[in-house]
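Asks: Our numbering runs 281 ahead of the 1-based position in the sequence shown.
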Amino acid sequence: MELLSSSAFWIALGSIILTNIVLSGDNAVVIALASRNLPPAQQKKAIFWGSAAAIIMRVVLTVAAVKLLSLPYLKIVGALLLVYIGVQLLTGDDDEDGHDAKDNIWAAIRTILIADLVMSLDNVVAVAAAAQKGPEGSQLMLLVLGLGLSIPLIVFGSTILLKVMERFPIIIVLGAALLGYLAGEMLVSDPVDAEWFQVHVPHAHLVFGVVGAVLVV
Numbered sequence: 282m283e284l285l286s287s288s289a290f291w292i293a294l295g296s297i298i299l300t301n302i303v304l305s306g307d308n309a310v311v312i313a314l315a316s317r318n319l320p321p322a323q324q325k326k327a328i329f330w331g332s333a334a335a336i337i338m339r340v341v342l343t344v345a346a347v348k349l350l351s352l353p354y355l356k357i358v359g360a361l362l363l364v365y366i367g368v369q370l371l372t373g374d375d376d377e378d379g380h381d382a383k384d385n386i387w388a389a390i391r392t393i394l395i396a397d398l399v400m401s402l403d404n405v406v407a408v409a410a411a412a413q414k415g416p417e418g419s420q421l422m423l424l425v426l427g428l429g430l431s432i433p434l435i436v437f438g439s440t441i442l443l444k445v446m447e448r449f450p451i452i453i454v455l456g457a458a459l460l461g462y463l464a465g466e467m468l469v470s471d472p473v474d475a476e477w478f479q480v481h482v483p484h485a486h487l488v489f490g491v492v493g494a495v496l497v498v
């Protein structure tokens, strides 16, 4: 109860929620892309469970954020995986089989989780930093509460994007291109190659982000 009366607790909680919302725009794109080929009833389930599971996974990731980000080659592998996911999501309309992975709710949720895992590697650092603003010993509770309260907002954003994609199919291409762009940025920020790119390639994040987007589309 002492925590609830602490202004530091509420400030930290608000920071986590706000940070997660700001950083979850790309995740909402993936959720909408992965569930767009499902029947309407399954779309809602995929969006909800995909978002909820992704948030739980993000709590776990945040606890180990610093160690994860220091692992060599992790971001390179993540970048390649993100390009693959972007291509698969973009070509989902070409699948005719009604039992294809992209038309299956569990396959959609799996895609959401894998993409969120890759894209959250950087995001969790900001969320972890926000949690440190809280009172001593409250960090885990803040993460669970803050990220949990973010679920409805991510679900809402994904639902809106899904409707926009139905009206404007070009958004699907732009969403897939975004994944490619994020993959390019991730590729040049791995501990193994970040310093080399910084020295030898001006604006490496932008250059390889554009290259990644072009590769996907």
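Every residue gets a Cβ at the ideal spot worked out from N, C-alpha and C, and that includes glycine. Keep in mind the model is a prediction, meaning the values are calculated, not measured.
Would you report the Cα separation of I451 and S419, rounded to the nearest angstrom?
Replies: Across the structure, I451 and S419 are spaced so that their CA atoms are roughly 44 Å apart.
Asks: Look up A382 in the DSSP assignment and say whether it is helix, strand or coil.
Replies: Confidence at A382 is low in this model, with a pLDDT of 44, below 50, so the placement of that residue should be treated as unreliable; the coordinate-derived value is given next. The answer is helix: DSSP assigns A382 an H, G or I state.
Asks: Let me confirm a value: K356 is counted as buried when at least 16 other C-beta atoms fall within 10 Å, else exposed. Which label applies?
Replies: buried
Asks: To the nearest angstrom, report how far apart A389 and L370 are at their CA atoms.
Replies: 10 Å
Asks: Examine the Cβ distances between the segment 294 to 309 and the segment 362 to 369 and report whether three or more of them are shorter than 8 Å.
Replies: no
Asks: Quick one: Cα of V454 to Cα of A494, how far?
Replies: 10 Å
Asks: Cα separation between G530 and V498?
Replies: Limits of the chain in this structure are 282 at one end and 498 at the other, which puts residue 530 out of reach.
Asks: State the Cα-Cα distance for the pair H481 and E466, rounded to the nearest angstrom.
Replies: 15 Å
Asks: Nearest by alpha-carbon distance to V399: which of V358, V341, W291 is it?
Replies: Ranked by how close their Cα comes to the Cα of V399, the residues V358, V341, W291 have V358 in first place.
Asks: How should F437 be labelled, buried or exposed, when 16 other C-beta atoms within 10 angstroms of its C-beta is the threshold for buried?
Replies: exposed
Asks: Look at V469 and H486 and say whether their C-beta atoms are less than 7 Å apart.
Replies: One thing to note: V469 has its Cβ within 7 Å of the Cβ of H486.
Asks: Under 7 Å Cβ to Cβ from N308, same chain only, skipping five residues before and after it: list those, please.
Replies: A335, D397, M400, I435
Asks: Can you grab the Cα-Cα spacing for the pair W387 / S351, in whole Å?
Replies: 31 Å
Asks: Helix, strand or coil: which one does DSSP assign to R476?
Replies: Looking at the sequence itself, residue 476 is Glu, so the reference to Arg does not match. If DSSP states are grouped into helix, strand and coil, E476 belongs with the helices.
Asks: Determine the closest residue to R476 out of P353, L342, L460, with distance taken between C-alpha atoms.
Replies: Per the sequence presented here, residue 476 reads as Glu, with Arg not at that position. Among P353, L342, L460, the Cα nearest to that of E476 belongs to P353.
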